[in-house]
Each structure stands twice: as structure tokens, then as C-alpha cells.
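Numbering (the numbering used here), first residue to last: 974 to 1235.
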């Protein structure tokens, strides 16, 4: 049996823990089993762009997973206890055009702040806008650290420190300021090796952007080519408040998680 997801007290801190995945990150004295789930079974996400079918189980009967542009829910069979979702990671699920909300300003994006507007204007000069944002955010946040609560994008810009949460907030702010619909995603990412453990999923935050007629996976903690089959999305974060109700509801159903390659 894979390690259980331990109860957490500070939801914002849950994703701050994943800074250890960053190249310059560190896990300190934190127990990795608090924020990792072992991948059981023989299959592994590959580098060839192939999809991966997974069974994700929670002991909470209300657990579910969303369709996204990069994962498709196949079935949700009845369970005696808890809930299981079979999901095809890396396969398009829900890939319709974005709504107006994905270009709106929020308290945590603060699109009118000069640091955001001026940086977005500068990055808009090139041809590859999404890639430019990824590279800029990755380089600008020079101190790869964790433990920072959710803070507004201008504060991330000025502080130049953070984990996957700060990378995502700043990336979404810049993308929206450039007129590119974008949203924050909360979930897990697969890692071959993490803090002495092999083949684990680590809690993570990243973004999705709708650019040139298609959805793009944006992860400023690791700019460049992506392997969507490495990601499992739990829910979206609207970045309007620290803990939106939909976000809280999805995370509260994460109990004793198991991820299996059937």
C-alpha cells in the first residue's frame, strides 16, 4: 500500500511543500510521506508523449477528478469504501474554449500593478508569448524556497522567492495581462526520485493557458517541453481568495490516496 496522505492544517502550505521538486529546492525536515503518493504497478509516465491510464483512490466517497485539456476521466466504478476514478493522464478530456473569467483581474493577480503590466508588455514583444512567460518566471524567481503563503503576483515579482504556487500566480498574472486566458491548476506531478523515494507523485501547482486556439500546459518550475501524462489535476484555483470553496471541497476529499497503474 502506498503512503497515506496525512491530514494537513494549512491548505496554502500544502502546495508550498512541493518546492522541493524545484532544481534548487529543499525539503528540510519535513516528512515526504505527508505530500507524496507512491505510484503502484509497473507502468510509468514516459518521455514519448504517450498517455497513461491510472486508478486514483481516496477513502472519501465524495472524491472525484475533473476532465481537463490534459486528462480524461474514463470511469468511476462503485467501491465498497471510498471512491476510485480511472483517469487517462495526457489525454484531452475537456478542451473547450475558455470563459471570460480566465482573463479577469483578481486580488491575487493585481493586473494593474506596474510590475505586472510592464513585464507583460516587454514579454509581448516576442513571438512565443507562453514560452517567454515560463522562462521569465523561472529565472526571475531566483530563490527556490517553500513555506510562503499565497501572496499577490506583484509581491512575488518583488520578492523573487517561492515555490510552485508563486511560480503559478506570477505566470497566470502575466499571461492574463497579455490577453491570454489562463488558470491555476492544483494536483500532483510524477517524480522518478524524490527525497530518497522512488516513483512518487508530489503535490504541485501549475497553469493552463489558451493560446492560438489550443490549451497549453504551463509549468514555470520546469520551463520547456512538457509530458502531460506526468500530471494529475485535482481542481482549479480561481486566485480570488486564499481558499475558494470549490478548491476546499476538492482537497477535503483527498484522504488515504492511492495511485495505481492497473
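Glycine included, C-beta positions come from ideal geometry on N, C-alpha and C.
In this text the structure is predicted, and so the values were computed from the model without any measurement.
In the DSSP assignment, the alpha helix (DSSP H) including residue i goes from what residue to what residue?
i            : result
residue 1092 : 1087-1096
Cα-Cα, which of the options is closest to residue i?
i            : options                : result
residue 1163 : 1171, 1156, 1157       : 1171
residue 1023 : 1199, 1010, 1235       : 1199
residue 1079 : 1212, 1217, 1106, 1071 : 1212
residue 1060 : 1085, 1187, 1029       : 1029
residue 1124 : 1103, 1182, 1146, 1111 : 1146
residue 1097 : 1149, 1073, 1180, 1189 : 1149
residue 1144 : 1106, 1044, 1158       : 1106
residue 1202 : 1014, 1129, 1042, 1228 : 1042
residue 1040 : 1088, 1069, 1018       : 1069
residue 1075 : 1214, 1193, 1190, 1182 : 1182
residue 1071 : 1219, 1209, 1217, 1188 : 1188
residue 1111 : 1014, 1222, 1224, 1195 : 1195
DSSP has residue i in a bridge; who is on the other side?
i            : result
residue 1060 : 1027, 1046
residue 1208 : 1159
residue 1022 : BP columns for residue 1022 are empty, so no partner.
residue 1100 : Residue 1100 pairs with nothing; no bridge assigned.
Mapping DSSP to helix, strand and coil, what is residue i?
i            : result
residue 1053 : coil
residue 1008 : coil
residue 1235 : coil
residue 1164 : strand
residue 1081 : coil
residue 1069 : coil
residue 1135 : strand
residue 1224 : helix
residue 1107 : helix
residue 1147 : helix
Tell me which residue opens and which closes the beta strand (DSSP E) that residue i is part of.
i            : result
residue 1181 : 1170-1184
residue 1038 : No beta strand (DSSP E) holds residue 1038; DSSP gives it neither H nor E.
Segment contact flag, the region 1110-1126 with the region 1167-1182, C-beta cutoff 8 Å, min 3 pairs: The region 1110-1126 is not in contact with the region 1167-1182.
Any contact of the region 1126-1133 with the region 1080-1091, i.e. 3+ C-beta pairs under 8 Å? Result yes; three or more Cβ-Cβ pairs closer than 8 Å.
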